[in-house]
Amino acid sequence: MSKLKIFVSSNQAEFENERVSIKEFIENNLPYSKLFDVFIFEDVPADGRSPNTIYSNEVLSSDIFIGLIGQEYGKIQDNGISASEYEFDLFINGSNSLNTFMFILEDITPDEKTKVLIEKAHKVTYNKFSRKNLLEKVQKSLDVFISNRVYQNTLPFDERTVEGLSLDDIDINQVNYFLKKAEIKEDVSTDEELKDFLANRAKVVEYSSSGFKISNAGILFFAKNPSSFIQQHEVKIARFQGRDKVHIIDSREFKYPMPLLLDEIEIFVNKQLKVAQKIDGFRRTDIPEYPYDALREAIVNALAHRDYDLVGASVSISIFVDRIEITSPGNLIPPLKISSLEGRYSHRNGRICELFHRTKDMEKYGTGIGKMNTIMKDNGMKKPEFRQSGGFFDTIFYGRTEEELMEVIATQSNTINLKELGLNDRQIVALTLIVNEGYSFSINRYMEHFGVSKSTAIRDLNKLSNNGLVYKFHPKYDNKHFIFSNNKDQ
1 MSKLKIFVSS NQAEFENERV SIKEFIENNL PYSKLFDVFI FEDVPADGRS PNTIYSNEVL
61 SSDIFIGLIG QEYGKIQDNG ISASEYEFDL FINGSNSLNT FMFILEDITP DEKTKVLIEK
121 AHKVTYNKFS RKNLLEKVQK SLDVFISNRV YQNTLPFDER TVEGLSLDDI DINQVNYFLK
181 KAEIKEDVST DEELKDFLAN RAKVVEYSSS GFKISNAGIL FFAKNPSSFI QQHEVKIARF
241 QGRDKVHIID SREFKYPMPL LLDEIEIFVN KQLKVAQKID GFRRTDIPEY PYDALREAIV
301 NALAHRDYDL VGASVSISIF VDRIEITSPG NLIPPLKISS LEGRYSHRNG RICELFHRTK
361 DMEKYGTGIG KMNTIMKDNG MKKPEFRQSG GFFDTIFYGR TEEELMEVIA TQSNTINLKE
421 LGLNDRQIVA LTLIVNEGYS FSINRYMEHF GVSKSTAIRD LNKLSNNGLV YKFHPKYDNK
481 HFIFSNNKDQ
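Numbering-wise, the sequence shown is residues 1 to 490 according to full-length UniProt numbering.
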């Protein structure tokens, strides 16, 4: 087992002896010497590299942050804060803030800058200390860290609890959105109602004389910023130009609490997907590239069943011209096998699955695979393919061929009556050319094609655009004129 790395941060002049003492204590005492390596200011090599660059790299590569706050704030850098505050910000923004231990010197009279840093320290684990008892305080913090780590690793990830959070870290809007999705009409508005919900209804919080413990499932669903505590909570989505991961057209990363996360993913993915259209007489038929209900089922499964102990891995959605791949960290849990997935049920994260079940995003008893297969079949498409390799599980949805798409359009009933939208004959002809033949109209081209005035052309085309029937945009290198087309990627 590799050692965990500790970064010790403080005002350089004020706490030189304390930094050295912390390092020597850890290096000369078991079990700390077997578990931890320590970096302090005095370890900076004289090799010509910028000290700031060295500190930043060390902070970002560390697992635990120990910070000392005293009477002296420190020299203010070009970024407007001291080196100690910058190191603190860098660590909690790039790592797990629950592994941050701040120690504030007793009986100091802080200036305004120090007050701000102390306020930040109050949001993580902190202790008051004197120069005589600092090592004792550090030892106790490390003992709690070791104890929690050993105990927590025996529990499923979503049941492990973390300390150091408060109600201020909970997003009450996400709690109420959860209740809305669960079809529970009452809202939570007071701290007492919030405490009752978290402990007795969601069952994600424990209260004791020592404080507030929340499970990882609770953080994922209700924390204001889940990824600041669970850094692997992230969904990466990319749309590629072809059939491989070479040219990215668009991409985003999502780190929202679970209820909002599903909605934001759906909005973004649907923007990337095409909608096939055909005009036949006065009716337009719309066929989405993929049935989103099937994609959503796979996305929920990826979030609920992923292996959260794979810290460096995230759920990913890759959109290609011919398929969509949804990848989740972690192999299937034995005895599940790809050859016999449908109708079988086993879960890695029972509490996460239960919360998804309550919001109607997941059904129980292993129905997800069968639901995906049925939706795809009902839409005239291939069943999804399932693969696992290298510790990842893939769900692959294949798109329709051109011939398959035309067959679906011929049999579908999801049509729009263009006459009911108040379109005139010119607009219906123009829309037919745009949708069926791939035409693009400028104002001038529309005037010439139909022999109408400029004002009539503008009015006709704007109505098509305002009804969401065509896209209106400026062509490249021309910000004065508009083009009306069916291609949103131009």
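Backbone N, C-alpha and C fix where the C-beta goes; we use that ideal spot for every residue, glycine too. Since we're looking at a predicted model, the values are computed, not measured.
Proximity winner among 180, 207 and 463, relative to residue 161 (alpha-carbon distances):
207
Reduced DSSP category for residue 381 - H, G, I as helix; E, B as strand; rest coil:
coil
What residue does the beta strand (DSSP E) around residue 238 start on, and which one ends it?
235 to 240
Where does the unbroken beta strand (DSSP E) through residue 259 begin, and where does it stop?
Per DSSP, residue 259 belongs to no beta strand (DSSP E); it is in the alpha helix (DSSP H), 258 to 272.
Three-state class that DSSP yields for residue 387 in the structure shown:
strand
Assuming residue 392 and residue 335 make a contact with CB atoms under 8 Å, what is their CB distance in whole Å?
Between residue 335 and residue 392 the Cβ distance is about 20 Å, and since that is not below 8 Å, they are no contact.
Bounding residues of the beta strand (DSSP E) (the contiguous stretch that carries residue 127)
125 to 129
Expressed to the nearest angstrom, what Euclidean distance is found between the alpha-carbon atoms of residue 422 and residue 475?
28 Å
DSSP bridge partner residues for residue 36 (one or two, in chain order)
4
Taking all protein chains shown into account, do 16 or more other C-beta atoms lie within 10 angstroms of the C-beta of residue 109, making it buried, or fewer, making it exposed?
exposed
State buried or exposed for residue 29, treating a residue as buried only when at least 16 other CB atoms are found within 10 Å of its CB.
exposed
Which of helix, strand or coil DSSP assigns to residue 482:
coil
Check whether the stretch 116 to 123 and the stretch 172 to 181 touch, using three or more Cβ-Cβ pairs below 8 Å as the test.
no
In terms of DSSP beta bridges, what is residue 323 paired with?
398
Please confirm whether residue 257 and residue 221 have their CB atoms less than 9 Å apart.
yes
Check the Cβ-Cβ distances between residue 327 and every residue of chain B, and say whether any is below 9 Å.
No chain B appears in the structure shown, which is made up of a single protein chain.
Tell me which residue opens and which closes the alpha helix (DSSP H) that residue 456 is part of.
454 to 466
Residue environment, residue 459, which counts as buried when at least 16 other CB atoms sit within 10 Å:
exposed
Taking residue 103 as part of the beta strand (DSSP E), name the residues at either end of that continuous run.
100 to 105
Limits of the unbroken beta strand (DSSP E) element including residue 248:
248 to 254
Please classify residue 227: does DSSP put it in a helix, a strand, or coil?
helix
Give the DSSP-derived three-state secondary structure of residue 175 in the structure shown.
helix
Pairing CB atoms from the stretch 288 to 303 with CB atoms from the stretch 366 to 373, are three or more of them under 8 Å?
yes
Out of curiosity, what's the CA-to-CA distance linking residue 212 and residue 34?
30 Å
Candidates 99, 103, 390 and 254, of which the one nearest residue 332 by Cα:
390
Tell me, to the nearest whole angstrom, how far the beta carbon of residue 159 is from that of residue 215; I am working on the premise that it is less than 8 Å.
6 Å
Label residue 175 either buried or exposed according to how many other C-beta atoms from any shown protein chain fall within 10 Å of its C-beta, with 16 as the threshold for buried.
buried
Report the rounded CA-to-CA distance for residue 453 versus residue 386, giving the unit in angstroms.
57 Å
Within the same chain, show all residues whose beta-carbon is closer than 8 Å to that of residue 483, passing over the 5 residues directly before and after it, in chain order.
440, 441, 442, 472, 473, 474, 475 and 490
Could you tell me the distance, in whole angstroms, from the CA atom of residue 434 to the CA atom of residue 485?
6 Å
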